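Chains as they are written, first to last, in our numbering: chain A, 1 to 275; chain X, 1 to 291; chain B, 1 to 290. Built from N, CA and C at the ideal position, the CB exists for glycine as well. Since the structure is predicted, the reported quantities are computational estimates derived from the model, not experimental observations. Taking it in order: structure first as structure tokens, then the write-up.
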Amino acid sequence: MSKFLLSHPVTFYEGINACFIIDLDMKKIIETENLSFYYGKRQILDHISVGFREHAISAITGPSGSGKSTFLMTINRLWEELNGAKMSGRVSIFLDHEKLDIYDRGVSLSWLRRKVGMVFQIPNPLPMSIYKNLVLPLQMAGFKKKEYLRSKVETVLKQAFLWSEVKDRLPDDARTLSGGQQQRLCIARAMILEPAILLLDEPTSSLDEKAAREIETLLFSLKKHCSLLMVSHDQAQVKRVADEVLELVDGRISELFTTPSSIRSTKSGIGHFRP
Amino acid sequence: MTRLFDLLLYAFTWLCGLILVGAFGTLVVFLLINGLLALDFELIFGSTAIGDALFLKRVVIDGLLPAIVGTCLLIIIALGTALPLGLGAGIYLAEYAGKISKSFFSLIFDLLAGVPSIVIGLFGFSLTLYLHKHFTSIMPCLLISGLALGLLVLPYLIRSTQTALEELPTTLRLTAAALGADQAATLRFVLLPQAVSGIFSGIILAIGRAAEDTAVIMLTGVVATAGIPRSLFSNYEALPFYIYYTASQFRNQQELQRGFGAALILLILCALLFTLAGLVRKKVSKRLMAK
Amino acid sequence: MKRSVRVGRPLVLAATAVGSLLTLAIFAFMMMLGRPLFSDHSLNLLLTQAWAPDRGLYGIFPFICGTLSLVGLSLLIAFPLSLGNAILIHLLAPRRLARFLHQTIKLMTGVPTVVYGFVGIFFLVPLIREWFFRGSGMCILSASLLLAMLISPTMILVFLESFAAIPTAHIRALEALGGTRRQKLVHVILPGAKTGIITGLLLALGRALGDTMIALMVAGNATAAPESVLDSVRTLTAHIALVMAADFDSMEFKTIFACGIILYLWTALLTLSLRYIHYNSTKLSHDQTF
Numbered sequence: 001m002s003k004f005l006l007s008h009p010v011t012f013y014e015g016i017n018a019c020f021i022i023d024l025d026m027k028k029i030i031e032t033e034n035l036s037f038y039y040g041k042r043q044i045l046d047h048i049s050v051g052f053r054e055h056a057i058s059a060i061t062g063p064s065g066s067g068k069s070t071f072l073m074t075i076n077r078l079w080e081e082l083n084g085a086k087m088s089g090r091v092s093i094f095l096d097h098e099k100l101d102i103y104d105r106g107v108s109l110s111w112l113r114r115k116v117g118m119v120f121q122i123p124n125p126l127p128m129s130i131y132k133n134l135v136l137p138l139q140m141a142g143f144k145k146k147e148y149l150r151s152k153v154e155t156v157l158k159q160a161f162l163w164s165e166v167k168d169r170l171p172d173d174a175r176t177l178s179g180g181q182q183q184r185l186c187i188a189r190a191m192i193l194e195p196a197i198l199l200l201d202e203p204t205s206s207l208d209e210k211a212a213r214e215i216e217t218l219l220f221s222l223k224k225h226c227s228l229l230m231v232s233h234d235q236a237q238v239k240r241v242a243d244e245v246l247e248l249v250d251g252r253i254s255e256l257f258t259t260p261s262s263i264r265s266t267k268s269g270i271g272h273f274r275p
Numbered sequence: 001m002t003r004l005f006d007l008l009l010y011a012f013t014w015l016c017g018l019i020l021v022g023a024f025g026t027l028v029v030f031l032l033i034n035g036l037l038a039l040d041f042e043l044i045f046g047s048t049a050i051g052d053a054l055f056l057k058r059v060v061i062d063g064l065l066p067a068i069v070g071t072c073l074l075i076i077i078a079l080g081t082a083l084p085l086g087l088g089a090g091i092y093l094a095e096y097a098g099k100i101s102k103s104f105f106s107l108i109f110d111l112l113a114g115v116p117s118i119v120i121g122l123f124g125f126s127l128t129l130y131l132h133k134h135f136t137s138i139m140p141c142l143l144i145s146g147l148a149l150g151l152l153v154l155p156y157l158i159r160s161t162q163t164a165l166e167e168l169p170t171t172l173r174l175t176a177a178a179l180g181a182d183q184a185a186t187l188r189f190v191l192l193p194q195a196v197s198g199i200f201s202g203i204i205l206a207i208g209r210a211a212e213d214t215a216v217i218m219l220t221g222v223v224a225t226a227g228i229p230r231s232l233f234s235n236y237e238a239l240p241f242y243i244y245y246t247a248s249q250f251r252n253q254q255e256l257q258r259g260f261g262a263a264l265i266l267l268i269l270c271a272l273l274f275t276l277a278g279l280v281r282k283k284v285s286k287r288l289m290a291k
Numbered sequence: 001m002k003r004s005v006r007v008g009r010p011l012v013l014a015a016t017a018v019g020s021l022l023t024l025a026i027f028a029f030m031m032m033l034g035r036p037l038f039s040d041h042s043l044n045l046l047l048t049q050a051w052a053p054d055r056g057l058y059g060i061f062p063f064i065c066g067t068l069s070l071v072g073l074s075l076l077i078a079f080p081l082s083l084g085n086a087i088l089i090h091l092l093a094p095r096r097l098a099r100f101l102h103q104t105i106k107l108m109t110g111v112p113t114v115v116y117g118f119v120g121i122f123f124l125v126p127l128i129r130e131w132f133f134r135g136s137g138m139c140i141l142s143a144s145l146l147l148a149m150l151i152s153p154t155m156i157l158v159f160l161e162s163f164a165a166i167p168t169a170h171i172r173a174l175e176a177l178g179g180t181r182r183q184k185l186v187h188v189i190l191p192g193a194k195t196g197i198i199t200g201l202l203l204a205l206g207r208a209l210g211d212t213m214i215a216l217m218v219a220g221n222a223t224a225a226p227e228s229v230l231d232s233v234r235t236l237t238a239h240i241a242l243v244m245a246a247d248f249d250s251m252e253f254k255t256i257f258a259c260g261i262i263l264y265l266w267t268a269l270l271t272l273s274l275r276y277i278h279y280n281s282t283k284l285s286h287d288q289t290f
């Protein structure tokens with residue numbers, strides 16, 4: 001019998017606030033330690049220490065401006081592409097049971113971003129064909145063989161429930177797809193590199209209800225391939241899909257809890273939940 | 001009082017519009033009236049048979065063919081040398097340069113863009129003089145002119161490449177970065193393919209500039225009669241110089257007529273290149289807007 | 001791909017370096033070849049004397065005057081013309097007509113200068129000659145009119161760009177207060193476009209300074225300093241083009257490098273002032289947003 005223990009948010013004196021998931025069965029995939037983040041002089045994240053579970057959907061919620069998206073970007077180091085940002089603290093990911101500090105000097109950005117995929121709020125297919133969009137990450141990683149590319153495209157499109165819709169229009173411009181299809185294409189494009197972690201920044205907020213539900217179903221099915229970390233401000237959605245929830249307010253942890261859906265969907269007995 | 005001001009403003013601006021467009025219209029119509037009649041095969045090939053002229057069997061003396069060929073060769077040499085430099089520098093400024101080196105180098109290229117073409121011609125000429133004195137027996141020639149023209153259009157190419165890359169939406173870069181692309185891969189797989197039409201429109205404008213400029217070539221080896229150039233090191237004719245030369249040295253009505261024809265051809269050529277560049281440009285902005 | 005990282009950066013850096021070195025080499029070469037001019041007090045003579053090689057006078061003073069008067073007059077003509085056109089296109093003309101005007105003016109920037117010169121000689125010069133009954137018609141006035149035509153499109157396009165860059169919010173605010181189009185122009189557009197207007201003016205000035213063909217073909221190339229707009233003049237640019245044929249070792253020949261250096265320095269000064277203006281205006285808008 002495993003124990004799943006979540007602490008109440010604890011705020012220490014120097015503004016350090018930390019939460020720990022102590023879980024004997026569930027392996028962690030991401031862990032941050034004292035993660036702080038600044039844009040210019042403005043502090044976005046304030047000493048966040050938190051861990052997320054493997055093969056689960058972890059959701060980050062909170063009011064807008066609370067640092068949710070920034071938090072995501074510290075995990076694939078995408079913030080380094082922006083100007084005027086600064087970070088302190090550690091972020092580690094666990095690959096093959098080994099803990100790896102992603103800000104270590106030996107870590108290559110390209111490698112990291114292939115291991116940690118990302119999907120954005122507004123679907124961002126590149127202005128090229130559907131097929132080209134999907135094979136681009138592979139080509140950029142140095143894969144050239146035509147048959148391999150083709151078979152990978154088919155695999156991920158099937159994973160993303162998009163194959164039947166687009167299999168006849170692969171040469172079309174990706175922007176001719178509907179919003180929901182575009183977002184699923186972007187998810188497929190991220191999945192083609194077989195990432196261990198998939199970051200999703202409010203992936204459904206620009207879509208209508210129906211398309212959003214389709215994406216949710218898709219995310220659910222992706223759990224077996226990778227671990228998902230999703231920013232969402234939609235409480236109902238979080239309730240529907242998330243296994244665990246981190247709530248950020250003003251760059252600090254406000255709450256961290258597992259959701260009933262997670263209790264239902266995971267093995268019985270897990271999910272000891274303390275408010 | 002207000003009424004009067006309004007009225008004056010209206011009258012003034014409309015008058016300005018009328019004057020400018022009227023002047024341009026006059027220029028075009030004047031050239032058309034005088035040049036249109038001259039536009040035929042004889043204008044280009046003179047009294048030589050077209051086939052003979054094209055296959056260099058016989059020299060065209062009284063036609064524009066050598067001048068047109070000279071201008072084309074100039075464009076090829078100028079773009080051939082300036083394009084790699086321009087693309088490289090444009091890419092460097094847009095993608096690689098740090099803050100300080102970027103503002104330093106763009107200041108240098110702004111300076112280059114401001115240098116009058118006659119000064120560039122003078123540079124080409126003094127370079128020839130220098131080489132002649134110290135190294136070879138080189139004289140002002142097609143190659144020197146082409147290189148000098150290359151220097152003239154270099155800042156255009158740099159700027160259009162730089163702008164084409166910089167005006168791409170940031171999401172493209174972020175998307176590529178999130179897919180694990182490093183800077184070089186982002187450039188090669190995402191940015192350059194997207195910027196290609198913008199760069200292309202810059203190239204077209206550079207071609208127009210190289211075709212039109214007279215001051216540079218005047219100082220670096222163009223002559224009134226040379227026939228089609230035999231080598232990179234020979235003298236040559238060029239369309240804009242032909243026009244200039246005819247304006248001051250024409251001996252009879254027929255030569256003047258040819259001058260009008262040449263002016264009309266150059267005007268049409270530049271207008272076409274210009275329109276083409278505009279269309280390409282429009283296509284780019286449309287495509288980026290669609291996002 | 002790994003290789004392209006290693007090769008790509010040095011390659012583009014090399015291209016940048018070569019381009020920059022060439023820019024500096026232009027200046028270096030002219031200084032080198034024109035050096036005899038600067039050695040003693042001859043610089044002073046060069047800049048103040050008249051041009052009369054047969055009397056041993058090699059001053060380029062008349063050409064500096066010629067350039068400045070030509071450029072000055074052309075700007076005097078082109079500036080109001082351009083401002084009027086820009087206002088017409090931006091504010092007053094019906095949409096379709098405005099589009100047509102805009103397109104035409106864009107097209108005009110592509111007209112070769114030698115074509116302006118050619119049409120000038122055979123159309124404008126005879127006209128001026130007949131109107132004023134004086135001289136050959138190749139004079140400051142004719143050349144300035146053509147130069148104005150050459151530089152106006154550039155100016156208009158820069159003006160229009162700066163008009164369009166004025167925040168709509170400012171215009172809406174005035175409209176909400178019941179402002180007329182004229183009030184919009186006087187209170188929002190013109191003050192807001194001040195930097196753009198100066199930029200356009202300086203760019204046009206540079207273009208006019210550097211032009212060779214119109215001055216060479218239409219201004220008449222007289223070697224004396226001008227006294228009226230109907231006098232013919234020689235500009236610095238035209239002087240370079242005309243003296244090229246002279247003996248390489250003559251004093252005459254060396255003066256063209258002085259002309260080249262002066263032109264280079266003038267345009268460099270313009271570029272630097274444009275830089276300065278641009279820097280100040282971006283700093284200002286930056287300050288306002290924060």
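Can you say whether Glu147 (chain A) is buried or exposed, counting buried as having 16 or more other CB atoms within 10 angstroms of its CB?
Classification of Glu147 (chain A): exposed, given that the 10 Å Cβ count is below 16.
I'd like to know if Gly70 (chain X) contacts chain B, where contact means its C-beta is closer than 7 Å to some C-beta of that chain.
Closer than 7 Å: no.
By how many angstroms is the C-alpha of Ala224 (chain X) removed from the C-alpha of Asp172 (chain A)?
Roughly 54 Å between the two C-alpha positions.
With 7 Å set as the bound, which would you pick, yes or no: does the beta-carbon of Gly180 (chain X) sit closer than that to a beta-carbon of chain A?
Closer than 7 Å to some Cβ of chain A, the Cβ of Gly180 (chain X) qualifies, so yes.
Cα-Cα, which of B:Thr235, B:Ile171, B:Met108 is closest to Ile262 (chain B)?
For the options B:Thr235, B:Ile171, B:Met108, the alpha carbon positioned closest to that of Ile262 (chain B) is the one of B:Thr235.
In DSSP terms, what Val233 (chain B) is bridged to
Its beta-bridge partners are B:Gly220.
What separation, rounded to the nearest whole angstrom, lies between the Cα atoms of Ser92 (chain A) and Val18 (chain B)?
The straight-line gap separating the alpha-carbon atoms of Ser92 (chain A) and Val18 (chain B) is approximately 45 Å.
So, do the stretch 141-148 of chain B and the stretch 72-84 of chain B have three or more beta carbon pairs nearer to each other than 8 Å?
The stretch 141-148 of chain B vs the stretch 72-84 of chain B: in contact.
Against Tyr264 (chain B), what residues of chain X qualify as contacts under a CB-to-CB distance less than 7 Å, listed in chain order?
Within 7 Å Cβ-Cβ: Val115, Val119.
With a threshold of 16 other CB atoms inside 10 Å of the CB of Leu74 (chain X), please say whether the residue is buried or exposed.
Leu74 (chain X) comes out buried.
Give the straight-line distance between the Cα atoms of Phe248 (chain B) and Ile120 (chain X), rounded to the nearest whole angstrom.
If you take the alpha carbons of Phe248 (chain B) and Ile120 (chain X), they lie about 18 Å apart.
Contiguous beta strand (DSSP E) assignments of at least 3 residues, all confined to the stretch 149-188 of chain A:
Correct list: empty.
Please compile the residues from chain B whose C-beta is within a distance smaller than 9 Å of the C-beta of Glu212 (chain X).
For a Cβ distance threshold of 9 Å, residue set Gly110, Val111, Pro112, Thr113, Val114, Val115 of chain B lies close to Glu212 (chain X), ordered along the chain.
With burial defined as no fewer than 16 other Cβ atoms inside 10 Å of the residue's Cβ, what is the status of Met218 (chain X): buried or exposed?
Buried, because 16 or more other Cβ atoms sit within 10 Å of the Cβ of Met218 (chain X).
So what's Arg240 (chain A) in DSSP terms, helix, strand or just coil?
Three-state result, Arg240 (chain A): helix.
Output, in chain order, the set of chain X residues within a Cβ distance shorter than 7 Å of Phe63 (chain B).
Simply none; closest approach about 13 Å.
Taking 7 Å as the limit between beta carbons, can you name the residues of its chain near Ala188 (chain A), skipping five residues before and five after?
Around Ala188 (chain A): Leu134, Val156, Leu157, Gln159, Ala160, Leu162.
Between the stretch 124-137 of chain B and the stretch 153-167 of chain B, do three or more beta carbon pairs fall short of 8 Å?
Inter-segment contact for the stretch 124-137 of chain B and the stretch 153-167 of chain B is absent: fewer than three beta-carbon pairs are separated by less than 8 Å.
Could one say the Cβ of Ser20 (chain B) lies closer than 7 Å to chain X's Cβ atoms, at least one of them?
So yes, Ser20 (chain B) belongs to the interface.
In the DSSP output, which residue or residues are listed as bridge partners for Ile199 (chain X)?
According to DSSP, Ile199 (chain X) bridges with nothing at all.
For chain X, find out if any of its Cβ atoms is closer than 7 Å to the Cβ of Val119 (chain B); answer yes or no.
It does; some Cβ of chain X falls within 7 Å.
Is it right to say Met138 (chain B) is buried, meaning 16 or more other beta carbons lie within 10 angstroms of its own, or is it exposed?
Buried, by the Cβ-count rule.
Give me the subset of the stretch 196-228 of chain X whose CB atoms are less than 7 Å from a CB atom of chain B, sorted by chain position.
Within the stretch 196-228 of chain X, the residues whose Cβ lies closer than 7 Å to any Cβ of chain B are, in chain order, Gly208, Glu212, Thr214, Ala215, Met218, Leu219.
As assigned by DSSP and simplified to three states, the class of Ile64 (chain B):
Looking at Ile64 (chain B) - three-state DSSP - the assignment turns out to be helix.
Using C-beta distances below 6 Å, list every residue in its chain close to Tyr10 (chain X), excluding the 5 sequence neighbours before and after it, in chain order.
Excluding sequence neighbours, Tyr10 (chain X) sits near nothing in its chain.
Assign Glu98 (chain A) to one of three DSSP states: helix, strand, or coil.
Reduced to three states, the DSSP call for Glu98 (chain A) is strand.
Coarse secondary structure for Gln43 (chain A), derived from DSSP in three states:
Of the three classes helix, strand and coil, the one that applies to Gln43 (chain A) here is strand, per DSSP.
Report yes or no: do the stretch 236-249 of chain A and the stretch 48-59 of chain A share at least 3 C-beta pairs separated by less than 8 Å?
Touching, per the Cβ criterion.
Assumed close pair Gly179 (chain A), Leu207 (chain A) - CB separation to whole angstroms, cut-off 8 Å
Sure, about 5 Å apart at Cβ, within 8 Å.
Tyr242 (chain X): which of X:Ala211, X:Leu272, X:Ala271, X:Arg230 sits nearest, CA to CA?
The shortest Cα separation from Tyr242 (chain X) among X:Ala211, X:Leu272, X:Ala271, X:Arg230 belongs to X:Ala211.
Does Asp46 (chain A) pass the burial test, meaning 16 or more other C-beta atoms within 10 Å, or should it be called exposed?
A residue is called buried once 16 or more other Cβ atoms fall within 10 Å of its Cβ, and Asp46 (chain A) is buried on that count.
With distances taken Cα to Cα, identify the nearest neighbour of Arg209 (chain X) among X:Thr163, X:Leu152, X:Leu32, X:Ile108.
It is X:Leu152 whose Cα lies nearest to the Cα of Arg209 (chain X).
List the whole-angstrom C-beta distance separating Ile102 (chain A) from Arg77 (chain A), where the pair is believed to meet the contact cut-off of C-beta under 8 Å.
The pair is a contact, with the Cβ atoms about 7 Å apart (cut-off 8 Å).
Of the residues B:Ile256, B:Leu216, B:Thr199, which one's Cα is nearest the Cα of Tyr279 (chain B)?
Of B:Ile256, B:Leu216, B:Thr199, the residue nearest in Cα terms is B:Thr199.
Exposure of Asp23 (chain A), with buried meaning 16 or more beta-carbon neighbours within 10 Å
At Asp23 (chain A), the pLDDT of 46 sits below 50, so the modelled position is not reliable and the matter cannot be decided from this model.
If you draw a straight line from the C-alpha of Asn235 (chain X) to the C-alpha of Leu142 (chain X), how long is it?
Approximately 6 Å between the Cα atoms of the pair.
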